[in-house]
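Read through the structure below, which is laid out as structure tokens, and then see the notes.
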Ligand SMILES: [Zn+2]
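Numbering (the UniProt record's numbering), first residue to last: 1 to 281.
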């Protein structure tokens with residue numbers, strides 16, 4: 001427990017929101033997961049608790065009561081702590097309807113609205129298949145936590161996207177298009193600290209992208225200071241993330257060169273870049 005408490009305390013408080021009444025905090029777990037906790041100073045919600053101990057340490061350190069659990073997809077590093085949290089807190093578990101997850105008692109397909117009384121908030125559920133076939137994301141509109149907030153599991157990362165374990169490139173591209181259509185100011189709460197390795201690949205695709213090079217410097221400094229690079233913003237991802245830029249001339253040219261073909265469709269560009277990243281070292 002001490003180790004977990006230390007891990008929590010080393011994450012900079014800087015990533016908390018000061019606008020709005022809700023705080024959003026990345027509880028670190030495993031190698032590079034963030035278990036996002038949203039709270040109003042009294043009551044809390046956790047997104048994708050892959051491990052219970054660091055979540056409980058954070059809740060206890062701030063005197064918070066857990067009121068709900070939100071799950072984006074079935075992978076163990078996103079659900080592994082749910083049962084232990086339910087032993088202490090009898091709370092609803094929201095999650096994907098299209099995936100078999102025993103602990104989910106509020107299944108969602110996408111398009112639903114999730115109302116939580118405490119902390120008071122309303123989230124929109126978005127269907128984002130690709131990484132897994134039933135993957136969902138949660139969108140919290142502007143107001144309660146300052147800027148709009150997106151909790152997207154393993155679908156969108158800073159300068160990256162999830163591996164296609166179950167979905168097709170077309171499905172993932174449509175899912176990323178749906179997320180990219182959210183307001184530019186949306187803060188993107190990805191489930192992993194993959195930013196620097198993703199940027200290394202993004203620079204191989206799009207080396208002359210000034211915004212990407214600037215983000216590389218900023219993210220490197222954040223990590224050197226022991227701070228998370230997340231949340232990122234959709235505005236930043238739209239100009240730096242090669243998986244949101246399948247129609248950018250530099251990304252198209254790189255994809256064409258990688259697969260040795262011209263006249264690639266937008267979907268083929270996306271598929272080429274996704275396949276390239278799968279084997280990139
Ligand atoms: Zn996953």
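Beta carbons: idealized from backbone N, C-alpha and C, even for Gly.
Residue 138 sits in a strand when the DSSP states are folded into three classes.
In this structure, the C-beta of residue 189 stays at least 7 angstroms away from each heavy atom of ligand 1. For residue 83, the closest alpha carbon among the candidates 124, 62, 105, 63 is that of 105. The beta carbon of residue 186 is closer than 6 angstroms to those of 148, 150, 234 in its chain, skipping five residues each way along the sequence.
When C-beta atoms of the segment 164-171 are compared with those of the segment 195-209, fewer than three pairs fall below 8 angstroms, so the two segments do not count as touching. Non-local beta-carbon contacts of residue 244 in its own chain, meaning distances under 7 angstroms to residues more than five positions away in sequence, involve 176, 180, 237, 238 in chain order. Sequence-distant partners of residue 118 (beyond 5 residues in either direction) whose C-beta falls short of 6 angstroms from its own C-beta, in its chain, are 43, 67. Of the heavy atoms belonging to ligand 1, at least one sits nearer than 7 angstroms to the Cβ of residue 162. Rounded to whole angstroms, the separation of the alpha carbons of residue 101 and residue 56 is 22 angstroms. In the DSSP secondary-structure assignment, residue 38 is bridged to 24, 45.
Excluding residues up to 5 positions away in sequence, 30, 33, 50 lie with their Cβ nearer than 7 angstroms to the Cβ of residue 77 in the same chain. A direct Cα-Cα distance of roughly 7 angstroms separates residue 123 from residue 141. Exclusion of residue 278 from the 7 angstroms shell around ligand 1 follows from its C-beta lying no nearer than that to any non-hydrogen atom of the ligand. Contact between residue 157 and residue 192 holds, with the beta-carbon distance rounding to 6 angstroms and staying under 8 angstroms.
Here residue 110 is buried, its C-beta having at least 16 other C-beta atoms within 10 Å.
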